Amino acid sequence: MKNDFRQKLHLEPVRGWLNDPNGLCFFNGAYHVYFQYVPDSAEGKGGKCWGHWQSPDLLKWRFTGTVLSPDDPDDRSGVYSGCGFVKDDTLYLFYTGNVKEYGDHDYITSGRGANVILVTTKDGHNMSPKKTLLRNADYPDYCSCHVRDPKVWEENGRYHMVLGARTLDSKGCALYYISDDLEHWKYEKTMFGNDGSYMWECPDDFTLGDRRYLSLSPQGIPHEKYVFQNVYSAGYYETDNGTPGKYREWDCGFDFYAPQTFDAPDGRKILIGWEGIGDIPYSNPTAPLGWQHCLTLPRELTVREDGVILQQPVRELEKLRLNSNDKSLTTFFKYIVTLKTQLPFEYIGSCEGDFSIEFEDILKLGYRDGEFSLTFLSDSAGCGRTVRYAELPECSDIRVIADTSSVEIYLNGGEKVLSSRMYPADTQVGLRFAGTEGKLYRLGKIEVISDE
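Using the numbering used here, the letters of the sequence shown map in sequence onto residues 1 to 452.
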């Protein structure tokens, strides 16, 4: 069947542009996912809004439309990224109101207003009047005009906020604020890292197990073969002692940025990212069709003894499995198995040594001598994407979830993850397995209805 690139598992807009996930939370009996949204431009040209989905179970979604627009003097150039914080029967949404002044400005050291704005809602989509809480004058004097993306949480009886920032001498950092009432905020401290970036976006301070982390999306890190391969990175620091430890990337694939975490009602820590990235040297053929980008699958986070965070698709997605084959696809190193299947599908396999999985004329996944690679086999499928790497001393297992126009690969229980858009011409794909055995599942689809 000819592929129209509309996905079955990933949240994406019916029309327009999507980027950062915002305001992620469980509130009033439902999961809420807000996102950066330009409904009338698949290229993202125009005022940034917030769109909104909600779901009782992460499988059935309702799109309630545009819930925040740049209609206030303090956000007139865009409703930028932010967070959701649940208190009693109210959802508090904090975001950055972007203002670009007229005149001769570089919009880094002058000409840009970065305002922290609060709205509240009782149902997730009908919003209170906007209230501006912080302006440029409330940030340290060594900061540039690039301060944004508030994340708020409660700890030890007080409220805390972290913001991403760029200093006047182009160093990325995080600004911490504290409050007793969610409206009046006092500067507390600044945290700097050692990644060489000039800007930190989308900070997220959270605990997992008994460890503390700061997730962020730094810009300007020099590229290397196995890390920082994309235009911009996204990763996390462990910050148990109040200072950043080793920086680790969330995802080694072509398309991942601006992740945010939240707590499910059963205590799981869940992460969702933008399965896209800004300023890319490759393209997405859905843009001429009227829409562009999607969110990643929701991922459960757990922590390993050494502090590495493991990621796996939320267990709810297992309900979408339609069938499974009863025997292994291969016996280690002895056979090569080829077959055809329909997108979307999931493969869960074990490995011993080198292995490969090839999507005929689309891409190849391979592990050899401590190196995993995702390689596109045609430009039509990759649209400018070529190869991405992950370094692993050994690889014992792999999980692949392939949608109609994206793929997510989880290695060693989620120690390494690679996410990428892909654009096969047909929804039926040929597969070739070597050196791995496992089960292949056909997958159904999530349900999405729209109020628009």
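Glycine included, C-beta positions come from ideal geometry on N, C-alpha and C. Just so we're clear, the structure is a prediction, and the values are computed from it rather than from any experiment.
For residue i, the residue or residues it bridges with in DSSP
i    : result
S55  : Y31
M507 : Since the first residue of the chain shown is 1 and the last is 452, residue 507 is not available in this structure.
I446 : Answer is none; I446 lacks a bridge partner.
T207 : R212
Q311 : L301
K66  : A quick correction: the sequence has Thr, not Lys, at residue 66. According to DSSP, T66 bridges with G51.
P21  : F35
H160 : W153, I178
Nearest candidate by alpha-carbon position, reference residue i, set the options
i    : options                : result
L58  : I357, P265, P344, S419 : P265
L389 : D397, F372, C395       : Note that residue 389 is Tyr in the sequence shown here, rather than Leu. The shortest C-alpha separation from Y389 is found at F372.
R15  : Q292, E201, W200       : Q292
G384 : Y347, L320, N230, V448 : N230
G273 : G267, S215, H223, T302 : S215
Y213 : K340, N412, R248       : R248
L175 : D138, G157, K319       : D138
I221 : P285, P129, F345, E201 : E201
L144 : Y107, P13, G413, T207  : One detail in the question is off: residue 144 reads as Ser in this sequence, not Leu. If we check each option's Cα against that of S144, Y107 comes out closest.
K60  : L392, I348, E316       : E316
Y95  : T120, D89, Y187        : T120
H52  : D180, A30, L377, I401  : A30
F27  : E360, K122, S350, R399 : K122
K48  : V33, S55, F63, L68     : L68
Y237 : D195, D72, D180, Q54   : D195
G307 : M422, G253, T207, C83  : T207
Y37  : E408, G82, M1, L301    : G82
P285 : S380, V417, R268       : S380
Y282 : Y142, Y441, L182, S420 : S420
N3   : A425, Q312, R442       : A425
V86  : D263, D451, T427       : D263
Cα-Cα separation, residue i to residue j
i    : j    : result
K246 : F192 : 13 Å
G113 : D75  : 9 Å
F332 : G435 : Note on F332: pLDDT 48, under 50, position unreliable in the model; the coordinate value appears next. Their Cα atoms are separated by approximately 5 Å.
K277 : Y257 : A quick correction: the sequence has Ile, not Lys, at residue 277. About 6 Å.
P393 : D354 : 11 Å
Y335 : F433 : 9 Å
M199 : L163 : 11 Å
I280 : E155 : 38 Å
E318 : E224 : 35 Å
N126 : G111 : 32 Å
I401 : N323 : 15 Å
V147 : E415 : 31 Å
V152 : G235 : 19 Å
L24  : F63  : 14 Å
I398 : L11  : 23 Å
L134 : S378 : 49 Å
D210 : S406 : 34 Å
8 Å contact criterion, which residue i and residue j should meet: CB distance rounded
i    : j    : result
T404 : L343 : 5 Å
C395 : L18  : That pair is no contact at about 32 Å.
E358 : R321 : Contact doesn't hold; Cβ gap of about 23 Å is too wide.
D204 : T243 : Not confirmed; about 17 Å, so no contact.
D20  : F35  : 7 Å
V99  : P150 : Between P150 and V99 the Cβ distance is about 16 Å, and since that is not below 8 Å, they are no contact.
I309 : L301 : 5 Å
V417 : C252 : 7 Å
G349 : E437 : 6 Å
G370 : S356 : Not a contact, Cβ separation roughly 15 Å.
Check: residue i C-beta below 6 Å from any heavy atom of the ligand GDP
i    : result
M127 : Only the bare structure without any ligand can be found here, which leaves the ligand GDP out of the picture.
Q: Tell me the start and end of each unbroken alpha helix (DSSP H) in the segment 85-146 that is at least 4 residues and wholly inside, in chain order.
A: none
Q. Unbroken alpha helix (DSSP H) runs of length 4 or more, entirely within the segment 343-431: which are they?
A. 379-382
Q) Which runs of the alpha helix (DSSP H) fall wholly inside the segment 214-280 and span at least 4 residues, in chain order? A) none
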